[in-house]
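The structure appears below as structure tokens.
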Amino acid sequence: MTKQVEQLDRVIIRFAGDSGDGMQLTGDRFTQETAAFGNDLSTLPNFPAEIRAPAGTLPGVSSFQLHFADHDILTPGDAPDVLVAMNPAALKANLGDLPRGADLIINTDEFTRRNLAKVGYAADPVEDGSLGEYRVHALPLTSMTVTALTGYDISKKDAERAKNMFALGLLSWLYHRPTEGTLAFLERKFAKKPEIMKANVAAFHAGWNYGETTEAFSVQYQVKPAKHDAGLYRNITGNVALAYGLVAAGQRSGLPVYLGSYPITPASDILHELSKHKRFGVRTFQAEDEIAAVGAALGASFGGSLGVTTTSGPGIALKSETIGLAVATELPLVVIDVQRSGPSTGMPTKTEQADLLQAMHGRNGEAPVPVIAPRSPSDCFAAALEASRIAVKYRTPVIVLSDGYLANGSEPWKLPDVDALPVIEPGFAAPDQEDFQPFRRDPETLARPWAVPGTPGLEHRIGGLEKADGSGNISYDPANHDRMTRLRQAKVDGIAADIEPLSVDDPSGAARVLVLGWGGTFGAISAAVRAVRERGGQVAQAHLRHLNPFPANLEPVLRSYDRVVVPEINLGQLALLLRGRFLIDVISYNQVRGLPFKSEELAGVLQDVIDRD
Amino acid sequence: MTELLNGHAGEHAEGRSPLSLVPKADGKQSLKDFKTDQEVRWCPGCGDYAILAAVQSFLPELGLRRENITFISGIGCSSRFPYYMNTYGFHSIHGRAPAIATGLATSRPDLSVWVVTGDGDALSIGGNHLIHAMRRNVNLKILLFNNRIYGLTKGQYSPTSETGKITKSTPMGSLDAPFNPLSLAIGAEGTFVARTIDSDRKHLQSVLRAAAQHRGTALVEIYQNCNIFNDGAFDPLKDPEVRDDITVRLEHGRPIVFGADGQKALRRTPSGSFEVVATADVPAADIAVHDAHNPDPSLAFALSRLDSPAFEHTPIGIFRDVDRPSYDELLRAQVEEAVEQQGPGDLAELLRSGDTWRID
Chain A
3 MTKQVEQLDR VIIRFAGDSG DGMQLTGDRF TQETAAFGND LSTLPNFPAE
53 IRAPAGTLPG VSSFQLHFAD HDILTPGDAP DVLVAMNPAA LKANLGDLPR
103 GADLIINTDE FTRRNLAKVG YAADPVEDGS LGEYRVHALP LTSMTVTALT
153 GYDISKKDAE RAKNMFALGL LSWLYHRPTE GTLAFLERKF AKKPEIMKAN
203 VAAFHAGWNY GETTEAFSVQ YQVKPAKHDA GLYRNITGNV ALAYGLVAAG
253 QRSGLPVYLG SYPITPASDI LHELSKHKRF GVRTFQAEDE IAAVGAALGA
303 SFGGSLGVTT TSGPGIALKS ETIGLAVATE LPLVVIDVQR SGPSTGMPTK
353 TEQADLLQAM HGRNGEAPVP VIAPRSPSDC FAAALEASRI AVKYRTPVIV
403 LSDGYLANGS EPWKLPDVDA LPVIEPGFAA PDQEDFQPFR RDPETLARPW
453 AVPGTPGLEH RIGGLEKADG SGNISYDPAN HDRMTRLRQA KVDGIAADIE
503 PLSVDDPSGA ARVLVLGWGG TFGAISAAVR AVRERGGQVA QAHLRHLNPF
553 PANLEPVLRS YDRVVVPEIN LGQLALLLRG RFLIDVISYN QVRGLPFKSE
603 ELAGVLQDVI DRD
Chain B
3 MTELLNGHAG EHAEGRSPLS LVPKADGKQS LKDFKTDQEV RWCPGCGDYA
53 ILAAVQSFLP ELGLRRENIT FISGIGCSSR FPYYMNTYGF HSIHGRAPAI
103 ATGLATSRPD LSVWVVTGDG DALSIGGNHL IHAMRRNVNL KILLFNNRIY
153 GLTKGQYSPT SETGKITKST PMGSLDAPFN PLSLAIGAEG TFVARTIDSD
203 RKHLQSVLRA AAQHRGTALV EIYQNCNIFN DGAFDPLKDP EVRDDITVRL
253 EHGRPIVFGA DGQKALRRTP SGSFEVVATA DVPAADIAVH DAHNPDPSLA
303 FALSRLDSPA FEHTPIGIFR DVDRPSYDEL LRAQVEEAVE QQGPGDLAEL
353 LRSGDTWRID
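This is the structure in structure tokens:
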């Protein structure tokens with residue numbers, strides 16, 4: 003049967019099912035195939051904190067959204083063109099995001115009276131006509147999978163579990179995805195269970211063949227590869243990119259990386275990833291709590307390692323005191339905070355940008371800490387490297403503010419030339435100096451010497467008590483405390499001269515409105531800016547990577563526009579800092595829904611500001 | 003790796019000393035080499051002075067390069083200790099010294115890392131780090147100065163104060179049952195657990211000597227007098243009239259007898275605890291022989307229970323000293339094994355791992 007092939011420039015697919023249905027795996031495989039095919043892409047996994055919430059319920063729904071295109075894209079997309087709903091809960095939880103005319107692939111086997119009742123459907127929506135606005139493909143995915151697997155020596159339960167591979171096979175056919183990667187993946191994953199492996203491969207093929215032979219799908223779609231710069235690419239999530247950035251920092255500094263960490267969602271994957279790379283001399287220490295994790299990292303830094311700690315949410319609160327000690331002792335320390343919804347435990351698997359003020363000010367006393375925020379999953383690599391560079395060069399803790407969206411989201415990454423990565427010079431203090439003073443500062447950077455135990459002649463004591471300028475002896479002298487407080491501040495402020503100035507994207511030069519973001523909202527803001535410009539609007543865009551210190555040119559940039567819009571996934575934290583620092587009344591736009599911004603909404607916000615007066 | 007994992011109790015193999023990787027000093031050292039120019043600021047008469055002097059005069063014996071010795075402390079009176087030691091030192095955060103020291107010790111096998119802490123620092127705010135350091139057997143020598151009171155905050159009761167203690171924060175008497183630090187250490191899988199007294203320099207140094215050579219965490223409780231807020235807390239153990247009658251000096255392999263003339267002894271009871279008997283009344287074979295290397299911790303635990311706030315009889319010495327690989331050794335071995343099996347890391351190769359595609 004010959005099928006019609008339709009060309010699309012972009013597609014947004016959302017796989018949704020019960021948290022036990024393997025939706026993250028399905029999405030991840032589809033992503034890998036899409037990456038291999040050469041589309042540009044961006045992903046948004048969305049899952050409950052519970053490992054297995056009660057089956058078939060709304061809280062148990064797990065989804066994975068993938069946006070892929072034949073051109074460069076910036077976000078996982080606002081609304082799916084295709085929703086795969088593996089059960090009634092998945093349908094109910096996601097239907098609200100679906101625009102009219104979208105494709106809806108439904109696993110009817112799960113639409114039993116009991117499952118429908120669990121989520122409050124009085125009647126089966128597949129049959130009562132309530133889905134009339136969509137192109138519904140009602141398919142018995144589970145029973146088709148089980149039928150396809152008769153003859154395999156596996157349990158009925160295992161056969162049913164392969165339904166995600168059937169769905170993946172079907173979608174792979176529908177969008178012309180290559181299949182080699184998934185087949186190789188299944189062989190690897192189930193190498194020790196050959197019968198399960200064969201069954202999953204068979205289910206995948208069955209799904210593909212079903213698409214090709216059935217009349218349920220009359221059209222097959224094609225999305226051509228995007229035009230990327232030449233180079234070698236891979237798909238990468240923010241957490242893996244952070245881990246790789248830390249390994250790179252270790253390699254480029256010659257310092258052993260020491261990670262002290264306590265498992266916490268959504269930061270744990272950095273610990274998992276780094277623990278695999280011991281052959282780089284990376285030591286990972288799973289501590290008894292968040293405090294011990296950062297303590298061990300600082301202890302390792304005292305000994306001349308690149309001390310790193312990773313955390314999220316309440317974990318960053320627990321680390322505050324030790325970060326303060328790192329400020330006082332002026333030791334390098336990289337603190338990675340993968341922000342999640344708060345306060346308190348909040349929504350552990352959902353994203354937010356509400357730790358900015360804590361990163362800036364969340365310590366007792368005057369305790370300035372440089373703060374860096376990556377803008378995309380792959381940018382986490384460079385951010386980790388930059389944080390390490392500043393920490394080592396200035397002997398200071400540095401906080402990296404990633405977020406839940408960057409952590410789990412992924413995008414294609416053009417691999418950098420490792421030899422071109424910045425070199426980090428540890429600059430350890432030389433042994434046996436006459437009149438060694440542990441707090442005598444480098445006149446340019448104001449950094450103190452890093453004299454590690456084992457260096458003869460430089461024995462000295464450090465600690466959290468105020469130190470005399472130079473000698474580092476305990477001091478309660480009022481003038482000395484005033485001087486030391488200002489010196490620590492001046493050291494951090496001085497980093498502004500050592501970072502990239504803020505670049506502004508203002509192609510026409512005629513914009514009167516600037517949109518200024520920071521961190522993980524870059525994709526959504528950029529897509530919104532693009533949409534505004536396509537409709538003839540004029541808007542300039544800038545995005546902060548360094549939150550402390552700010553780039554030296556930030557104030558003149560802000561002053562050169564009539565209005566500055568600051569979208570944040572918090573209640574206006576950067577806006578507060580900008581107003582306080584520059585007395586510029588920026589327009590703060592805020593959402594805290596645990597989700598990234600939708601670019602269409604943001605475009606509307608920007609247009610409204612442009613249209614004022 | 004397998005070799006490292008096969009440590010046996012009581013088998014103290016040469017070359018496994020934690021000090022084997024610490025560089026040795028070129029010449030002979032003296033007490034003076036370990037003094038700093040900082041004025042010691044404990045209250046006159048504080049037991050900490052005696053401990054400081056004992057440590058400073060003991061360290062030359064180890065013959066380690068001074069720059070390879072590090073003292074890490076938390077917060078409290080005892081935690082000022084590092085400022086007075088001419089080694090590397092880190093006066094850190096209340097309760098967190100074992101955590102910070104863990105990072106240092108597990109990344110630097112060439113250092114001898116000492117933790118100085120007190121009963122409030124180690125057992126109250128820092129209880130969590132203390133027990134986890136011991137169960138991991140991190141290569142740390144922890145000196146726990148126990149004066150059974152909060153000194154730096156001026157006299158509140160501590161986790162080792164006797165119940166009913168009248169202090170500024172407990173005018174009607176404290177309600178908490180105290181910790182027995184050694185029982186806690188043994189329960190936390192401590193591999194070296196000892197007690198000594200600030201005023202008995204010879205004994206203190208003998209315990210330090212064994213602790214320094216121990217593979218992994220050594221916990222040394224030092225009874226220390228706070229002459230301002232809890233003066234005389236350990237007087238019975240110091241009073242020449244009674245101390246010999248109540249102090250049980252534990253020595254590995256020796257029958258446990260005590261009293262001025264050895265007239266008292268310990269015998270195991272059928273329930274597994276110890277009872278005090280008159281040496282003359284029991285056959286020699288019934289007298290318990292101290293076995294610090296016994297893998298079964300219940301013996302050491304039973305000994306630790308003999309101590310009581312009333313000082314009827316108080317064992318001092320090394321309660322437990324068993325051999326088990328330290329966390330540091332095992333961590334190092336994993337790194338070495340990874341390099342051996344996969345070769346040293348290649349950054350470009352790491353970035354290329356997984357599914358890649360080329361665009362021309």
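Here the protein sequences line up with chains A and B, keeping their order.
Counting with the numbering used here, you get residues 3 to 615 for the letters of the first sequence.
Counting with the numbering used here, you get residues 3 to 362 for the letters of the second sequence.
We put the CB at the ideal spot given by N, CA and C, even for glycine.
Chain B contact residues for Tyr246(A), given Cβ-Cβ distances below 8 Å: Leu352 and Leu353
6 Å CB neighbourhood of Pro451(A) in its chain, flanking five on each side removed: Ala431
When Gly319(B), Pro180(B) and Ser273(B) are compared against Ile258(B), the one with the closest alpha-carbon: Gly319(B)
Inter-residue spacing [alpha-carbon to alpha-carbon] between Met87(B) and Arg581(A): 49 Å
Candidates Pro265(A), Met167(A) and Asp291(A), of which the one nearest Ile102(B) by Cα: Asp291(A)
Given Arg547(A) as reference, the closest of Asn237(A), Ala513(A) and Leu403(A) once Cα atoms are compared: Leu403(A)
Length of the line joining the Cα atoms of Ile15(A) and Asn89(A): 16 Å
9 Å Cβ cutoff met for Gln40(B) and Arg68(B): no
At least 3 beta-carbon pairs within less than 8 Å: the region 516-535 of chain A vs the region 482-498 of chain A: no
Of the residues Pro272(B), Tyr152(B), Ala286(B) and Arg217(B), the one placed nearest Gln226(B), counting alpha carbons only: Tyr152(B)
Any 3 or more C-beta pairs closer than 8 Å across the region 269-288 of chain A and the region 442-449 of chain A: no
Buried versus exposed, by CB contacts within 10 Å (16 or more), Met174(B): exposed
Reference Ala331(A), options Ala37(A), Val371(A), His207(A) and Thr311(A), closest by Cα: Residue 331(A) is actually Thr in this sequence, not Ala. Checking every option, the nearest Cα to that of Thr331(A) belongs to Val371(A).
Residues in the region 131-159 of chain A having any Cβ partner in chain B nearer than 8 Å: none
9 Å Cβ cutoff, Pro20(B) in contact with chain A: no
Contact residues within the region 244-271 of chain A, judged by C-beta distance below 9 Å to chain B: Tyr246, Val249, Ala250, Gly252, Gln253, Arg254, Pro258, Tyr260 and Gly262
Pairwise C-alpha distance: Ala187(B) and Thr172(B): 27 Å
Contact with chain A by Gly347(B), beta-carbon distance below 9 Å: yes
Within 9 Å, strictly: CB atoms of His85(A) and Ala18(A): This sequence places Leu at residue 85(A); His is not what is there. Cβ distance < 9 Å, so Leu85(A) and Ala18(A) count as in contact.
Beta-bridge pairing of Gln341(A) - partner residues as DSSP gives them: Asp405(A)
Sheet register partners of Asn182(B) (DSSP bridge): DSSP lists no partner for Asn182(B).
Alpha-carbon spacing of Phe36(B) relative to Gly65(B), whole angstroms: 12 Å
Selected residue, minimal CA-CA separation from Arg397(A), among Gly367(A), Lys352(A) and Val454(A): Val454(A)
Cβ contact (3+ pairs, closer than 8 Å) linking the region 297-315 of chain A and the region 256-270 of chain A: yes
Residue-chain proximity (Ala124(B), chain A), Cβ-Cβ < 9 Å: no
Contained beta strand (DSSP E) runs [length at least 3] in the region 403-477 of chain A, N- to C-terminal order: 412-416 and 463-465
Cutoff 9 Å: Leu7(B) Cβ touching any chain A Cβ: Low confidence applies to Leu7(B): its pLDDT is 39, below 50, so where it sits in the model is not reliable enough to give any reading.
Cβ contact check for the region 316-333 of chain B and the region 283-301 of chain B: 3 or more pairs under 8 Å: yes
Per-residue DSSP class, three states only, for Phe17(A): strand
Interface flag, Phe181(B) vs chain A, CB-CB below 9 Å: no
Coil, strand or helix - Leu560(A) by DSSP: helix
Nearest-angstrom Cβ-Cβ length linking Pro127(A) and Ala104(A), presumed shorter than 8 Å: At roughly 14 Å, the Cβ-Cβ gap does not stay under 8 Å, so Pro127(A) and Ala104(A) are not in contact.
Among Gln540(A), Val588(A) and Pro551(A), the one whose alpha carbon lies nearest that of Arg561(A): Val588(A)
Helix, strand or coil at Leu244(A) according to DSSP, with G and I counted as helix: helix
Arg138(B) versus Gly456(A): straight-line alpha-carbon distance, rounded: 24 Å
Cβ-Cβ separation, Phe32(A) to Arg163(A) (assumed contact under 8 Å), whole Å: Not really, about 18 Å apart at Cβ, beyond 8 Å.
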